Ligand code: BGC
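Residue numbers (my numbering): 5 to 714.
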């Protein structure tokens, strides 16, 4: 197809057919087939069962102009082979694996006729009460931007017309993760500077990576809902970033302009959203019911309709749908292919974060005489898939119990007891059996956390603790005196006070996906040394939320009073009187079975000019007694600026593998542009001055070095 052919097609379309291309239907609606045939929807969102090509046949062979249908689905962290939830993926700090997992997800989804996914979600999230924190890469702009762009590359490949690839959709534009109080869909009020410095860059990174589509969010931003927000959708997205792709609303979000109190009725909502820049409406039918009349009344110019339709047709064309509407990979060869499961296992291993490991409790010995495996998540194939499981099936998951059975020696006896049936159950009748299992074993490994439904959309929580039944179960098992290892599976960090006291070893497994079990067993038995690092600050208590590492200094920066000489101790600091101000575990934190030492941090040259780059190097040495991976992190601080700057900001990271006793010099190139922020005139600038840098293993440690920009 050529631009000429596209124009020719456009000229043949009735206004109704044009509006059809701007309207998305749902596969499970009874009128779906009819709507496709009459051209009143141009795309559909697929459902829980695999698609067939029947609807495509209707579109291509029975609709007046034969325009192919585009099938969308939320392929978020896998399609049939499910990878760790995005927050878990982020804990691996491995853009290559992120890209690879997205490539696999695309391939599997495309084999069942899906050519458009609503991912990546790049909403910065600083509040774990918000359930959708599970769906993104956490709190940091740099990490989120890097991984979002990697996902776009993985889903879309080099050429969208390759039938193994699908169009990505970066979401939810914008600032949806900053919902007040962590309540989903809630209001966002933030300065344009914070928006531009913290929340928008991951979207821009995805646009620069060539993302085909973008989704407007549910939230209202500074009084204007994102789905009717011309500043976001026209000024920033089209004029500043030059985005050429399709904008789709989030589900129902056009109609919700009425509920926001921005439009009096659906007709006005259609006008507001469309003129603001939403090309396609998802779920609701306000475009279908009203755009024709709005054009007739001169409230919506025909040329704006044509521009939106062009974008949709071009996307279908780029996906190769006009030429080969039925092309797809062979599902028998791709769904749950061994290569896919191997990547899922590797990704899950790298995503596991060892939070605590006193007295080298882990790794466990495979020859142990007996191991108790306890808890609602030890053998729960469905919950380990987490939120948005695509077409993943819990029955196809490899659970931790299964994997532990396979990993241990023949002589080791497993005492399995669920304890409580599910993370949400209050029934304690299984406690006795669990206690017996622990008493009869040399070690107890407990799998506790959140069920899959406790995180994700509309799954905000006001409490971040484990359920009281799980807490009681932990106490009961602890009381047996059998040493305890806790494996957490959850879509967010949880408040861990008593849990950390109860167990010498705690491993955060997120929702690790189809191959979560073997990945956990690999770490428990030392086949793999844990290397995941937190993509989010882990609060001690919910009262500290929101808590994030790249906060501002304030005029009274908090310092742990115990670290000050008593004469200078005072309480007039930015913190709490009943709780330290630091998180329980800082952003970037994660233990290993080996230890890494950081030395020789240097910046070269120590004075650079605007437009130049500084090289920051450090030597990392594996001083422990086995090989392992380390995620080396680069942080900076702009010491004096016209606008106060965060106390630290991540500007780079590298995952390296080091043999025991070996060293590696790690080098980061830091261009002055990477230090830019929005100044008083809202211009993105790097200011001359002094900068501090750290190369460290988390956001709270490391020896600093400094350099100047002249
Ligand atoms: C969610 C989106 C999702 C869409 C389609 C909405 O409720 O907010 O993230 O892509 O549904 O399933």
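Don't be surprised by glycine CBs; every beta carbon is placed ideally from N, CA and C. It should be emphasised that the depicted structure is a prediction, and the values quoted were computed from it without experimental measurement.
- The ligand BGC approaches residue 461 closely enough that one of its heavy atoms is under 7 Å from the residue's Cβ.
- Each of 49, 78, 122, 125, 175, 176, 219, 222, 254, 255, 286, 461 has a C-beta closer than 7 Å to some heavy atom of the ligand BGC; these make up the full list, in chain order.
- For the 8 Å CB-CB criterion, residue 549 and residue 90 do not form a contact.
- 359 is the residue among 644, 428, 359 whose C-alpha sits nearest the C-alpha of residue 527.
- Shown here, residue 106 sits in a helix according to DSSP, grouped into three states.
- Under the DSSP definition of a beta bridge, residue 667 partners with 625.
- Taking a contact as a CB-CB distance under 8 Å, the pair residue 598 and residue 626 counts as one, their CB atoms being some 6 Å apart.
- If you draw a straight line from the Cα of residue 701 to the Cα of residue 564, it comes to about 21 Å.
- Annotation: the continuous alpha helix (DSSP H) that includes residue 343 extends over 342–355.
- Closest in C-alpha terms to residue 676, from the list 334, 653, 670, 613, comes 613.
- Non-local beta-carbon contacts of residue 536 in its own chain, meaning distances under 7 Å to residues more than five positions away in sequence, involve 95, 96, 354, 355, 356, 357, 594 in chain order.
- Under the DSSP assignment, residue 150 falls in the alpha helix (DSSP H) whose first and last residues are 145–160.
- The distance from the Cβ of residue 391 to that of residue 139 is about 7 Å, consistent with a contact at the 8 Å cut-off.
- Shown here, residue 247 sits in coil according to DSSP, grouped into three states, outside any helix or strand.
- When the alpha-carbon of residue 50 is set against those of 690, 12, 120, 107, the nearest one is in 120.
- Under the Cβ criterion (8 Å, minimum of three pairs), the stretch 257–264 counts as touching the stretch 272–284.
- Shown here, residue 417 sits in a strand according to DSSP, grouped into three states.
- Excluding sequence positions up to five before and after residue 80, its CB lies within less than 6 Å of the CB of 123, 392, all in the same chain and listed in chain order.
- By the CB criterion at 8 Å, residue 72 and residue 62 fall outside the cutoff.
- For the options 491, 497, 680, the alpha carbon positioned closest to that of residue 143 is the one of 497.
- For residue 653, the beta-bridge partners assigned by DSSP are 640.
- Here DSSP, grouped into helix, strand and coil, assigns residue 617 to strand.
- The Cβ atoms of residue 664 and residue 623 lie no closer than 8 Å to each other.
- For residue 710, the uninterrupted beta strand (DSSP E) segment begins and ends at 708–713.
- Between the C-alpha atoms of residue 635 and residue 658 there is a straight-line separation of about 6 Å.
- In chain order, 48, 50, 51 place their CB closer than 6 Å to the CB of residue 31, counting only its own chain and leaving out the 5 sequence neighbours on each side.
- Contact between residue 147 and residue 654 is confirmed by a C-beta separation of about 6 Å, below the 8 Å threshold.
- The Cβ-Cβ distance between residue 432 and residue 424 falls below 8 Å.
- Judged by their CB atoms, residue 223 and residue 179 are nearer to each other than the 8 Å cut-off.
- Here the alpha carbon of residue 182 sits roughly 6 Å from the alpha carbon of residue 129.
- Using a 10 angstroms sphere on the CB of residue 373, the tally of other CB atoms stays under 16, which defines it as exposed.
- Leaving aside the five residues that flank residue 214 on each side, the residues in its chain whose CB is nearer than 7 Å to its CB run, in chain order, 156, 160.
- In this structure, the alpha-carbon of residue 135 lies about 14 Å from that of residue 176.
- Taking all protein chains shown into account, residue 687 has fewer than 16 neighbouring C-beta atoms within 10 Å of its C-beta and is therefore exposed.
- Where residue 74 is concerned, the enclosing beta strand (DSSP E) starts and stops at 74–77.
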